[in-house]
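Counting along the sequence shown from 1, when you hit position 257 you're at 700 in the numbering used here, and nothing is skipped either side. Structure first, commentary second.
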Amino acid sequence: MSSREKKQKGHGSASLPPHYHQKFQVVFYFTKRSFTSPHVYPFLNRDSNILILPFVCYTICMKFFKTFKRSVAVPIVGSELDQQTADRLDRINRELRAGFDFIRPYQKSVSFFGSARFDENNKHYKYACEIAKNIVTELGYAVVTGGGHGIMEAANKGASEAGGVSLGVTIKLPHEQHLNQYVQKSINCNYFFTRKVILAFSAEAYIFFPGGFGTLDEFFGILTLIQTHKIPKVPLILVGKDYWEPLQETIFKDLYEEHGTISKNDMRAYTITDDPKEILEIVRKAPMRKE
């Protein structure tokens, strides 16, 4: 038996030699202390501790790999803040995955956006309900909303009354957000941005009714993704000329003419219309998205 084989037999395939245990203990101590004390090594300050730490871990891991012919994961002990960040990232990841799994079964869908403050007597509420009914009856698409009241409730109501699929992607808020009675299936989000991603995921068209800051945030967010070619061009339909045309005038005069911050082509990415037939035709012609 060779000396090398004797060494490996002595240590066992799953165990570490004593000097490696010592090195790992140094790394763990160095990692933990580097975030709280500048005196772990006299020649390093707090910032350089953080910078040099990955290289120390890398060197020891490479020596371990060369000896045992396999890789190893070295746990790095961070501060409490780092752990909180890791937990938050894990929650975000799980929330996005759950949202994608929630939407994915519905091959064709339209997302509705608009104010949560309109009641059933409001003209925009009534029209959103009518448009959703038409889309379900004529095209058989699922209707997706934020699951709240106002325009969201109207669209869910229209889809449900037409015998279609009515979905809600809600957000946890201290006020305003309660699941409306016309949502058949829903998912609840902790984060606004994950909710926005889920609402935008694979919709064949987006229909925007008048709304507040949230509605405008969602509109300009999707518009920017289209403008920068991060997503394919998807129909953005703006319903309610009395609301959208003044905004369009500001966009044209201030952003385009006066400041030159957008191109004329950017304003062709959306359509302002109150014509139910035109809305239906735009949705009908929209290609099925694959994302």
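Quick reminder that beta carbons are idealized off the backbone N, C-alpha and C, glycines included.
The alpha carbon of Phe-636 has as its nearest neighbour, out of Arg-534, Gln-527, Glu-563 and Glu-688, the alpha carbon of Arg-534. In chain order, Phe-561, Asp-562, Gly-593, Ile-594, Glu-596 and Ala-597 place their CB closer than 8 Å to the CB of Tyr-568, counting only its own chain and leaving out the 5 sequence neighbours on each side. Counting along the chain, Gly-611 sits inside the beta strand (DSSP E) bounded by residues 609–614. Just measuring C-alpha positions, the residue of Lys-707, Gly-683, Tyr-699 and Phe-695 sitting nearest Gly-557 is Gly-683.
Secondary structure note for Ser-603: its alpha helix (DSSP H) is the uninterrupted segment 594–604. Beyond the five residues adjoining it in sequence on each side, Met-731 comes within less than 8 Å, by CB distance, of Gln-550, Lys-551 and Glu-647 in the same chain, given in chain order. Between Thr-704 and the set Thr-613, Gln-624 and Gln-670, the nearest pair of CA atoms involves Gln-670. Here Ile-680 carries a strand assignment [DSSP, helix/strand/coil].
Straight across, the Cα-Cα distance linking Glu-573 with Tyr-625 is about 14 Å. Distance from the CA atom of Tyr-570 to the CA atom of Cys-632, rounded to whole angstroms, is 27 Å. Using a C-beta cut-off of 8 Å, the stretch 687–694 makes no contact with the stretch 601–620, since fewer than three inter-stretch Cβ pairs fall below that distance. Take Tyr-713, set aside five residues on each side of it, and the residues of its chain with a beta-carbon closer than 7 Å to its own are Leu-666, Leu-679 and Leu-681, in chain order. For Lys-720, the closest alpha carbon among the candidates Gly-542, Val-553 and Glu-581 is that of Glu-581.
Glu-538 and Thr-528 have their C-alpha atoms roughly 15 Å apart.
The beta carbon of Val-579 sits closer than 6 Å to the beta carbons of Ala-602, Ala-605 and Gly-607 from its chain, once the five residues preceding and following it are set aside; these are given in chain order. With 16 or more other Cβ atoms inside 10 Å of its own Cβ, Asn-623 counts as buried. Rounded to the nearest whole angstrom, the C-alpha separation of Ala-643 and Asp-525 is 30 Å. By the Cβ neighbour-count rule, Lys-576 is buried, with 16 or more other Cβ atoms within 10 Å of its own.
In this chain, the beta strand (DSSP E) harbouring Ala-585 covers 585–588.
C-alpha of Arg-540 to C-alpha of Ile-641: approximately 9 Å in a straight line. Linking Gly-655 to Gly-589 through their CA atoms gives a straight-line distance of about 14 Å.
Going by beta carbons, Ile-546 and Ser-645 fall inside the 9 Å limit. Per DSSP, the beta bridge partners of Ser-629 are Gly-611. In this chain, the alpha helix (DSSP H) harbouring Thr-658 covers 656–670.
Phe-651 sits in a strand when the DSSP states are folded into three classes. Bridge partners of Val-553 according to DSSP: Val-586 and Ala-648. In this structure, DSSP gives Thr-714 an extended state, which the three-state scheme calls strand. Burial check for Phe-663: the Cβ neighbour count within 10 Å stays below 16, so the residue is exposed. For Leu-642, the enclosing alpha helix (DSSP H) covers residues 635–643.
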